Amino acid sequence: MGGCTGRLLVATPGLRDRSFRRAVVLVLEHTESGALGVVLDRPLDLDARSVLPQWQDHLSAPGRLFQGGPVARDTALALADLPDADAPPGVQPLNDRLGVVDLEAPPALVVDGVRALRVFVGYSGWSAGQLDREIELGGWFVVDVEPGDVFSADPEGLWRRVLRRQPGNLALLSTAPDDPSMN
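Spelled out as structure tokens, the structure:
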């Protein structure tokens, strides 16, 4: 358990669930109780002005909210890229590069101490053992995250880029057509 925390889940080409089709998910927590993450490559056609106006001017490119997953779509979660291990006030570090932002904190406390900021609407969640079963059944590839993945300025191309840099046959899957029957 916990082997996925801090890693990426990359949907296999055969995964058909609309919420996760060709998705790249950053796993924030994976324990015996379940798993939680955010989809990194689903920008919404919505900026933060309508729901979190104080944060809009501080969002990283493309300056949009992201669909973090199908769970709790009435909540928001923000991630920050930390320049060093000392997280600013209002940021709870997840590791030496990434932290969760308290969206109730004044942006002025946070923004000078982070390199990038992204807000996700909803999240991805799995009950106890569910993610492990999905991985065993071939729904996800588990790969290492690289520094540019979480705050990519081109999130729509993330699925192909992450697969392309993998060794062996995984890299070949980056060229798979959107419709596997066309292969």
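Residues in the sequence shown are numbered consecutively from 1, following full-length UniProt numbering. The C-beta atom is built at its ideal place from N, Cα and C for all residues, glycine as well. All figures in this text were calculated on a predicted structure; none of them were measured in a lab.
State yes or no: is the C-beta of Ala76 within less than 8 Å of the C-beta of Phe120?
For this step, residue 76 is matched to residue 76 along the sequence shown. For this step, residue 120 is matched to residue 120 along the sequence shown. Cβ atoms of Ala76 and Phe120: closer than 8 Å.
Can you tell me whether DSSP reads Gly3 as helix, strand or coil?
Here residue 3 refers to the residue found at position 3 of the sequence shown. Coil.
Any non-hydrogen atom of the ligand SAM closer than 7 Å to Gly90 Cβ:
Within the structure as shown, the ligand SAM is missing, as the structure has no ligands at all.
In the structure shown, what three-state DSSP assignment does Pro21 receive?
Position 21 of the sequence shown holds residue 21. It is Arg, not Pro, that sits at residue 21 in the sequence shown. In the three-state reduction of the DSSP assignment, Arg21 falls in the coil class, being assigned neither a helical nor a strand state.
Buried or exposed for Glu134, please, with buried defined as at least 16 other CB atoms from any protein chain shown within 10 angstroms of its CB.
Along the sequence shown, read from residue 1 onward, the residue named residue 134 stands at position 134. Buried, since its Cβ has 16 or more Cβ neighbours within 10 Å.
Between Gly125, Leu172 and Ser19, which lies nearest to Cys4 when the distance is taken from Cα to Cα?
As a working note, residue 4 is residue 4 in the sequence shown. It is Gly125 whose Cα lies nearest to the Cα of Cys4.
Same chain only: Cβ atoms within 7 Å of Leu158, ignoring 5 sequence neighbours per side:
Residue numbering aside, residue 158 sits at position 158 when the sequence shown is read from its first letter. Setting aside the 5 residues that flank it on each side, Leu158 is surrounded in the same chain by Val24, Leu40, Asp41, Asp149 and Ser152, each with a C-beta closer than 7 Å to its C-beta; the list follows chain order.
Burial state of Asn183, where buried means 16 or more other Cβ atoms lie within 10 Å:
Walking along the sequence shown from the start, residue 183 turns up at place 183. Only weak support exists for where Asn183 lies, its pLDDT of 48 falling under 50; the coordinates are left without a value.
In terms of alpha-carbon separation, which member of Gly138, Ala116, Thr31 and Leu26 lies closest to Gly129?
As a first step, residue 129 is located in the sequence shown; it is residue number 129 there, counting from the start. Among Gly138, Ala116, Thr31 and Leu26, the Cα nearest to that of Gly129 belongs to Thr31.
How long is the line joining the alpha carbons of Gln54 and Val71, rounded to whole angstroms?
Reading the sequence shown from its first residue, position 54 is the one you call residue 54. Reading the sequence shown from its first residue, position 71 is the one you call residue 71. Near 24 Å, if we compare the C-alpha coordinates of Val71 and Gln54.
Candidates Leu52, Leu44 and Tyr123, of which the one nearest Arg73 by Cα
Within the sequence shown, residue 73 is the residue found at index 73, counting from 1. Selected option, being the one with the closest Cα: Tyr123.
Classify Arg16: buried if its beta carbon has 16 or more other beta carbons within 10 angstroms, exposed otherwise.
By one-based count along the sequence shown, residue 16 stands at place 16. With fewer than 16 Cβ atoms within 10 Å of its Cβ, Arg16 is classed as exposed.
Enclosing alpha helix (DSSP H) for Val143 [first to last residue]
Walking along the sequence shown from the start, residue 143 turns up at place 143. Per DSSP, Val143 belongs to no alpha helix (DSSP H); it is in the beta strand (DSSP E), Trp140 to Val143.
Could you tell me which of Gly14, Gly6 and Leu8 sits nearest to Leu137, measuring between CA atoms?
Indexing the sequence shown from 1 puts residue 137 at position 137. Scanning Gly14, Gly6 and Leu8 for the CA closest to the CA of Leu137 turns up Gly14.
Would Val143 and Val114 qualify as a contact pair, given that the criterion is a beta-carbon distance under 8 Å?
For this step, residue 143 is matched to residue 143 along the sequence shown. For this step, residue 114 is matched to residue 114 along the sequence shown. Not in contact: Val143 and Val114 (Cβ atoms no closer than 8 Å).
Would DSSP call Val111 helix, strand or coil?
Your numbering for residue 111 matches position 111 in the sequence shown. Three-state result, Val111: helix.
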